[in-house]
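Engineer: Quick note: the sequence shown, position 14, residue 13 per numbering that gives the first Met the number 0, numbers continuous.
Sharing a structure, written as C-alpha cells. Questions coming.
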Amino acid sequence: MSHKQLDTLIRMINQIAANNGAYPHDEAAERVASHLQRFWARSMKTMIIEYRLSEGDELSPIAKEAVAILAQAAVSKQQGADSAVQA
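See the structure below:
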C-alpha cells in the first residue's frame, strides 16, 4: 500500500473513533477494534498495525487503543493457530 492509502486508513480509523467518542474510552476502543476486525481487509489491518507500532502519531487516542486491541487479537489468533498445528 502507498503512503496515500495509509493516509486514507488513518483518516478512516480516526473517523470511526470519533463516531464512538460518546462511549467511555475503553468501550469506544473495543467498538472500533470490533469494527476493524469485521469490516477491514487483512491488508488494511496489517498496515494500520504496522503504522501504530512504528509511529502512530496521527492516530487519536481511541484509535491507538483500538489498534493495540486489534494487534493483540492477531497475536492471540496466531498463537492459537500455531498450537493447533503442533497438536
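Cβ coordinates follow ideal geometry from the N, Cα and C atoms, glycine included.
This structure is a prediction, so every number in the text was calculated from the model and none was measured.
Using only CA atoms, which one of A67, I61, S42 and M43 lies nearest to R51?
Structural biologist: A67
Engineer: Am I right that K44 and L5 are in contact with their C-beta atoms under 8 Å? What's the rounded C-beta distance?
Structural biologist: No, K44 and L5 are not in contact; Cβ-Cβ is about 13 Å, not under 8 Å.
Engineer: Verify whether the separation of the beta carbon atoms of R10 and N19 is less than 8 Å.
Structural biologist: no
Engineer: Please report the Cβ distance between N13 and S59, rounded to the nearest whole angstrom; I am assuming they are in contact, meaning their Cβ atoms lie under 8 Å.
Structural biologist: Contact holds; Cβ gap of about 5 Å.
Engineer: Should E64 go down as buried or exposed, given a rule of 16 or more other Cβ atoms within 10 Å for buried?
Structural biologist: Note on E64: 16 or more other CB atoms within 10 angstroms of its CB, so buried under the neighbour-count rule.
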